[in-house]
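Residue numbers (my numbering), protein chains in the order written: chain F, 1 to 281; chain S, 282 to 483.
One structure is given here, and the rest of the page talks about it.
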Amino acid sequence: MRMLAAFSGVRNFAVSLFLLMACASSAFAGHVQTELLTSVSSIELGKPFWLGVRLTIDSGWHIYWENAGDAGLPTRVKFTLPDGFSAGPVLYPTPSRFLAPGNITMFGYENSVMLMTKITPPANLSADFQGEFKAAVHWLVCSDVCILGNSNVSLSLGASGKVSPVNQNVFDDWLAQIPQSAAGNAKVMRVDSNDSGKESIKVVWSHPAPLAVDFFPEAMDDYNITSIGVTSSQDTTSITFTPQLLAGRHPGATTLNAVLGYNDKEGNRRGLILSVALAAP
Amino acid sequence: MRKTHVLASLLAVVAVALAARGFADESGSGIAIGSRAPDFALQDQDGKTVSLHDFAGKTVVLEWTNPNCPFVQRHYREKTMQTLSDQFKDKGVAWLAINSSFFATNDQDKQWATGQSISYPVLNDSSGSTGHAYNATNTPDMFIVGVDGKLAYEGAIDNDPTDEKTGDKINYVHQALDEILAGKSVSVPQTKPYGCNVKYKD
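Laid out in structure tokens, this is it:
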């Protein structure tokens, strides 16, 4: 399979594998393997389930979060569902930071990631329903060079089979990496903003500050979020950043949404959602 | 929870009053729109030294480029840069491509320029010094220097990172050059560039 990937280059080299229980299909393109996974073996009337696109990335390469950072391109998934089915937002697990020469900061994933969405079946689903669920995936994968890639993956799922969870560990692992609200974990307070435009936020944890804490701002139309600094001591993490207004922009008050990433005691990647109100400049 | 001092509520919306927003931040978006564009002296694909001050009194477009980057390749395939530079050449607008990749060589720049029918200099900045002076982050990353030597635009070539737009596509460089030549102020002087990160040496 790896050899196929090497020869296919940027081109989409789709291989459809319908695994009986897992109901997964997968595809291979340069340096990234994609597969579509479902959380159920069969659809149960009135019960939402998960679809996830798992991207497996060659060692030494990375793809991008929904905010790529200073450069790069967000990884995107577009689901196409049978009539009557609806999808929630695409959920991105807590990313990592990549710092390239020239102080270029990027946010993304290496090794593997799963982008997920919750699917709600229609209320009037017929008992003999069988349908095709599709995902179109687009990414930019970079190491010393960057390569655009895309793939189309799909799976067939019905409502007449035995209902049991599938891929449970995979979904549990990745859903736990979706950023959560801070409740119970940490308290967040604004500390200061100074004349040079630097903002400070303090996070007081309910336990000693975890390892690998990092701050991932979502993309904003009118600001570049620059000079991100994160330091932790005892139970406190201090975050500083500078929201730089793009020239010629005149936004009103707005909210900066961000993810505070960290590793839990077992070394699992986790994230908290922070919202920072920015006054009109 | 132990300490009860001035902590805001969980998942607080943190009120942050924005103080004056400068562009002095060195790790941020580099030189400010309206400030003087740094001079440079770099070799083109034929080994000839080209400086920004050679074009004093002209409007100059600087295009950060990397022939290996798929975003650059797409714009050359679509002839975005070649067409735009040709269109404004007779109106006193100079165009310089700058390759700050650590692996850039004059020979490779020449081979690429010939293959793409590029009529403007492709400058070798493999040391990255000019890229750093402008804080160019992406390929492509576009800068326009006005006749006064000051930066008039910085950012993306257009509003279409994923090459999907048709009717609502805006080429920001085209728009800014039109406005500059009409004696107007640039309505969108800064956007977020998109593309590959510039492959700097350090």
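Glycine included, C-beta positions come from ideal geometry on N, C-alpha and C.
Answer yes if the region 383–391 of chain S comes into contact with the region 400–408 of chain S, meaning at least three C-beta pairs across the two stretches below 8 Å, and no otherwise. yes
In chain F, which residues lie less than 7 Å from LYS480 (chain S) when you measure between Cβ atoms? ASP144
Chain-ordered residues of the region 99–113 of chain F with a beta carbon less than 7 Å from chain B: Of the chains in the structure shown, none is chain B; the protein chains are F and S.
Rounded separation between GLY88 (chain F) and GLY46 (chain F) - CA only: Computed Cα separation, rounded: 15 Å.
At a Cβ threshold of 7 Å, is GLN471 (chain S) touching chain F? Chain F contact via Cβ: present.
For the alpha helix (DSSP H) that TRP61 (chain F) lies in, which residues bound it at each end? Per DSSP, TRP61 (chain F) belongs to no alpha helix (DSSP H) and is neither H nor E.
For THR386 (chain S), which three-state DSSP category applies? Three-state result, THR386 (chain S): coil.
How far does the beta strand (DSSP E) with ASN224 (chain F) in it extend, from its first residue to its last? 223–233
For ASP367 (chain S), decide whether its Cβ has a neighbour in chain F, counting only Cβ atoms nearer than 7 Å. no
Is the CB-CB distance between HIS138 (chain F) and PHE98 (chain F) below 7 Å? Between HIS138 (chain F) and PHE98 (chain F), the CB-CB gap reaches or exceeds 7 Å.
Would LEU260 (chain F) count as contacting chain S if we go by Cβ distances under 7 Å? no
Identify which residue in S:SER366, S:GLY464, S:ILE438 has its Cα closest to the Cα of GLN353 (chain S). The amino acid occupying residue 353 (chain S) in the given sequence is Val; Gln does not appear at that position. The residue with the shortest Cα to Cα distance from VAL353 (chain S) is S:ILE438.
Please report the straight-line C-alpha distance between LEU282 (chain F) and ALA277 (chain F), rounded to a whole angstrom. Here chain F comprises residues numbered 1 to 281, so residue 282 (chain F) is not present and cannot be evaluated.
Just reading off the beta strand (DSSP E) that SER143 (chain F) is part of, what are its end residues? DSSP places SER143 (chain F) outside any beta strand (DSSP E), giving it a letter other than H or E.
Determine, using beta carbons only, whether ILE43 (chain F) and ALA159 (chain F) come nearer to each other than 7 Å. yes
Under 8 Å Cβ-Cβ, which residues of chain F neighbour ASP483 (chain S)? PRO101, GLY102
What do you get for GLN523 (chain S), buried or exposed, if any count of 16 or more other CB atoms within 10 angstroms of its CB means buried? For chain S, the structure presents residues 282 to 483; residue 523 (chain S) sits outside this window and is missing.
Considering only residues of the same chain and omitting the five flanking positions on each side of VAL479 (chain S), which have a CB-CB separation below 8 Å? TRP345, ASN347, SER381, SER382, GLY409, GLY412, ALA417, THR418, ASN419, THR420, ASP422
Which word fits ALA123 (chain F), buried or exposed, when buried means at least 16 other C-beta atoms lie within 10 angstroms of its C-beta? It is exposed - the Cβ of ALA123 (chain F) has fewer than 16 other Cβ atoms within 10 Å.
Answer with buried or exposed for GLN392 (chain S), where buried requires no fewer than 16 other C-beta atoms within 10 angstroms of its C-beta. exposed
Determine the chain S residues that contact ASP70 (chain F) at a beta-carbon separation under 8 Å, and present them in chain order. Result: THR418, ASN419, ASN478.
Nearest chain F C-beta to LYS465 (chain S) closer than 7 Å, yes or no? no
Quick check on ASN349 (chain S) - is its C-beta less than 7 Å from some C-beta in chain F? yes
Under 7 Å between C-beta atoms, does GLY149 (chain F) make it to chain S? no
With a threshold of 7 Å on Cβ separation, who are the neighbours of TYR92 (chain F) within its own chain once the five nearest residues in sequence on each side are excluded? Only TRP65, GLU66, LEU115 meet the Cβ criterion.
Listed by chain order, chain S residues near GLY30 (chain F) by CB distance under 9 Å: Under the 9 Å cutoff, chain S gives no residues; its nearest Cβ is about 11 Å from GLY30 (chain F).
For MET362 (chain S), the three-state DSSP class (helix, strand or coil): helix
Looking at the structure shown, is SER410 (chain S) part of a helix, part of a strand, or coil, going by DSSP? helix
Short of 6 Å in beta carbon distance, which residues of its chain neighbour VAL77 (chain F), apart from the five on each side in sequence? Order them along the chain. VAL53, VAL90, LEU115, ALA135, VAL137
Interface flag, LEU55 (chain F) vs chain S, CB-CB below 7 Å: no
Using a Cβ-Cβ cutoff of 7 Å, what residues of the region 73–91 of chain F are near chain S? List them in chain order. LEU73
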